[in-house]
Amino acid sequence: MSTRWKYLKYKLPAEQVSITPGVSKLIEKAEEEGISTVWHRYLEQQPQCGFGLLGVCCRNCN
10 MSTRWKYLKY KLPAEQVSIT PGVSKLIEKA EEEGISTVWH RYLEQQPQCG
60 FGLLGVCCRN CN
């Protein structure tokens, strides 16, 4: 594995992320290479602040 990619914290169930077989294969390949995808980045941002959904955003994340 190349050292330019960071370690992935999460293993995605590729068959549950997309119903398209080609996309599932690409997700698996990206994980083998240590490449972060949009789904990995989303999981790393959890839990998300709920204040924005309520319309009362603070200055920290606005």
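Be aware that the sequence shown starts at 10, since it is given in this note's numbering, and climbs by one per residue. By construction, the Cβ of each residue, glycine as well, lies at the ideal position given by its N, Cα and C atoms.
Rounded separation between S45 and L17 - CA only:
Answer to the nearest angstrom: the Cα atoms are 7 Å apart.
Between the alpha carbons of P30 and E24, how many angstroms are there, rounded?
8 Å
Got a sec? Which residues, its chain only, sit under 8 Å from L62 by beta carbon, not counting five neighbours each side?
So the list is empty, once near-sequence residues are dropped.
Once the 5 residues before and after E42 are set aside, which same chain residues still bring their CB inside 6 Å of it?
none
CB V26 to CB I36, shorter than 8 Å?
yes
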